[in-house]
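Trainee: Take this structure, written in structure tokens, and hold onto it; I'll ask about it next.
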Amino acid sequence: MEGIREKEPLGYTRPERGQGRGIPQGAVRRLPGKPGGAGTRPQGVSLFFDTVDFSDLELPAAARALRKEVRAFLQEEARAGTYTPQVGHAEFSADFTRKVAVRGWIGMTWPKRYGGQERSYLERFVVTEEMLAAAAPCAAHWFADRQIGPGLLRYGSEKLKQKYLPAIARGKCYFALGMSEPNSGSDLASVKTRAERVPGGWRVNGQKVWTSWAHKAHAFFVLCRTSPDTGNRHEGLSQLVVELNAPGVTVRPILLMNGFHHFNEVFLDNVFVPDDMVVGEVGQGWKQITSELALERSGPERYMITFPLLVELIRRLGKTADARALEHIGKLTARFWALRRMSLGIALTLERSIPGEGGAKHATPDLATEAALLKDVGTFYEREITDAARLLVGVEPDPDAPDAFVRHLADAIVFSPISTIRGGTTQVLRTLIARRLLGPRT
């Protein structure tokens, strides 16, 4: 694969109460095997996702059929013990990503000439939903499929499209996101990383932080300042593709308190980036990244990160749930369906912007407000699931427990503070929403 090196994954091994009416029958279907037992599943692995019945009456037949196909694949992978479901993050598995790619589930909506399948956004929604419900190890392709690919399709040169998109779709190229900096988190317009014009390209200096999976990715999108600050911080920003094996790039790990490693800090010291690695137009980085963030904030991943914990909570309470537990479960279930409808609405809007016959394309929708609303409400919902699980079940969280609920609860507690920060803090999102819906203060 010209221009893209193979990068093998490094791998990582992580060091009842009350009486009442119970959960209504059918809320979670009975799993095969003995009650409370593992059935044919590997010990410690719960196939919680095969108990969930998503209502697909609104989706076309192709999407409903695809859901069955995706779920069958995920059940097979989980039963084979190829991964252990985690809550709060997706594991990185190059092997899993390539299996997904063979089935045509990466770059699903992209043009076929770039390795895509030209399938609908609703079908992609179904695949995403099933992957999240199964807590599948899809980190290797997640960023590239969700926003890097669409960003290249919309803004990238033909050379960049040809170089990266087919490789991403084949599951052979992994991307990270170079946005946050030590003093520039949700306030991305304050980034200090600079790119100075030199013969043939740019010389980049700066630091990025919280860069997920940079230690395993091939390249990342870097938001940087390419012209002096004019007073308008949104001007003079550009996006570059930087290869993570380029001279001058240093990746250092950031370990979480449970020892898990997916965050990194990336140092860029006099890194040369050729002109043909600029994404879009020089100076238009803010416009570009805003549209890409809308994709990050609008999918099911904005409210389903702790969804496996909710399903295990319902399973654990079972018929012993008292009135208080039933009230909590009812509210969480109702909120899930409301959030799902919001996200489906955005997918439908994107569907209408797909190129038509002869390459004609509708105006690309501005979804920043809708995406910010979903992300704001959805990430609080994820924390509510964690809080409810702690309140309703008196167990000691243990990340190494064989019991799926106990293990998921431990993971969810560790990741809970992150949910309302990553992808934009609550304060920044609500400011964006207020300005767009209500207008600036007078």
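Using my numbering, the first residue of the sequence shown is number 545, and each one after it goes up by one. We put the CB at the ideal spot given by N, CA and C, even for glycine.
Roughly how many angstroms lie between the CA atoms of G547 and A763, to the nearest whole one?
Mentor: Because G547 carries a pLDDT of 45, less than 50, the predicted location of this residue cannot be relied on, and the following value inherits that uncertainty. Each residue's alpha carbon lies about 11 Å from the other.
Trainee: Please report the Cβ distance between E895 and L666, rounded to the nearest whole angstrom; I am assuming they are in contact, meaning their Cβ atoms lie under 8 Å.
Mentor: 6 Å
Trainee: Our contact map puts V817 next to G745 with C-beta atoms below 8 Å; I'd like the distance itself, whole angstroms only.
Mentor: 5 Å
Trainee: Is V753 helix, strand or coil when you go by DSSP?
Mentor: Here DSSP, grouped into helix, strand and coil, assigns V753 to coil.
Trainee: Is the beta carbon of G748 sitting closer than 8 Å to the one on L696?
Mentor: Rather than Gly, the amino acid found at residue 748 in this sequence is Val. No.
Trainee: Considering only their Cβ atoms, is the gap separating V646 from L603 smaller than 8 Å?
Mentor: In this structure, V646 does not lie closer than 8 Å to L603 by Cβ.
Trainee: Three-state secondary structure (DSSP) at V785?
Mentor: strand
Trainee: Is the stretch 793-800 in contact with the stretch 727-742, if contact means three or more CB pairs nearer than 8 Å?
Mentor: no
Trainee: Quick one: grab the DSSP three-state call for F617.
Mentor: helix
Trainee: Please say whether Y658 and V823 have beta carbons closer to each other than 8 Å?
Mentor: no
Trainee: Within this structure, are the beta carbons of A680 and Y718 separated by less than 8 Å?
Mentor: no
Trainee: By DSSP, does F949 sit in helix, in strand, or in coil?
Mentor: helix
Trainee: Quick one: Cα of L892 to Cα of P726, how far?
Mentor: Cα to Cα, L892 sits roughly 37 Å from P726.
Trainee: So who's on the other strand from M808, going by DSSP bridges?
Mentor: Correcting the residue type first, residue 808 is Asn in the shown sequence and not Met. According to DSSP, which records beta bridges pairwise, N808 is partnered with P797.
Trainee: Would E990 and G967 qualify as a contact pair, given that the criterion is a beta-carbon distance under 8 Å?
Mentor: The question about residue 990 has no answer, for the chain in this structure spans 545 to 986.
Trainee: To the nearest angstrom, report how far apart V826 and L784 are at their CA atoms.
Mentor: 9 Å
Trainee: When DSSP labels each residue in this structure, what does F598 get in the three-state scheme?
Mentor: coil
Trainee: Quick one: residues in its chain with C-beta nearer than 8 Å to the C-beta of D819, no 5 flanking neighbours on either side, listed in chain order?
Mentor: G744, G745 and W746
Trainee: Given that a residue counts as buried once 16 or more other Cβ atoms are within 10 Å of its Cβ, and exposed if not, what is P852?
Mentor: buried
Trainee: Return the chain-ordered list of same chain residues with a C-beta closer than 8 Å to the C-beta of H805, the five sequence neighbours on each side being excluded.
Mentor: Y556, H759, P797, I798 and L799
Trainee: So for G983, helix, strand or coil by DSSP?
Mentor: coil
Trainee: Within 10 angstroms of its Cβ, does R985 collect 16 or more other Cβ (buried), or is it exposed?
Mentor: exposed
Trainee: On the three-state DSSP scale, how would you describe E779?
Mentor: coil
Trainee: If R738 sits next to R777, beta carbons under 8 Å apart, how far is it from one beta carbon to the other, in whole angstroms?
Mentor: Contact flag wrong, Cβ pair sits at about 14 Å.
Trainee: Apart from the five residues on each side of it in sequence, which residues of its chain come closer than 7 Å, Cβ to Cβ, to I650?
Mentor: Cβ within range, chain order: V644, H685, D689, I712, A713 and G715.
Trainee: Of all the options V786, E620, R974 and Q706, which has the alpha carbon lying nearest to the alpha carbon of L917?
Mentor: R974
Trainee: Could you give the distance in angstroms between the alpha-carbon of P579 and the alpha-carbon of V793?
Mentor: For P579, the predicted model reports a pLDDT of 30, less than 50, meaning its position is unreliable and no value from the coordinates is stated.
Trainee: How about the stretch 842-862 and the stretch 947-954: do they share at least three Cβ pairs that are nearer than 8 Å?
Mentor: yes
Trainee: Spatial neighbours of V911 within its chain, please: C-beta separation below 7 Å, excluding the five flanking residues on both sides.
Mentor: According to the sequence provided, residue 911 is Leu. The question's Val does not apply to it. The residues are A838, S842, I890 and T893.
Trainee: Among residues of its own chain, excluding the 5 on either side of P941, which ones have a beta-carbon nearer than 7 Å to its beta-carbon?
Mentor: Correct list, in chain order: V950, L953, A954 and I957.
Trainee: Excluding five sequence neighbours on each side, which residues of the same chain lie with their C-beta closer than 7 Å to the C-beta of G693?
Mentor: The beta carbon of G693 lies closer than 7 Å to those of G651, W654, L709 and I712 in the same chain, with the five residues before and after it left out.
Trainee: Just curious, the alpha helix (DSSP H) that F640 is in, first and last residue?
Mentor: It spans A638 to V646 - the alpha helix (DSSP H) in which F640 sits, taken as one unbroken run.
Trainee: Count the other C-beta atoms from every protein chain shown that fall within 10 angstroms of the C-beta of V742, then say buried if there are 16 or more, exposed otherwise.
Mentor: V742 should be labelled exposed.
Trainee: With 16 as the cutoff for other CB atoms within 10 Å, does R611 come out buried or exposed?
Mentor: buried
Trainee: In the structure shown, what three-state DSSP assignment does A761 receive?
Mentor: coil
Trainee: Assuming G874 is part of the alpha helix (DSSP H), what are its boundary residues?
Mentor: A867 to E895
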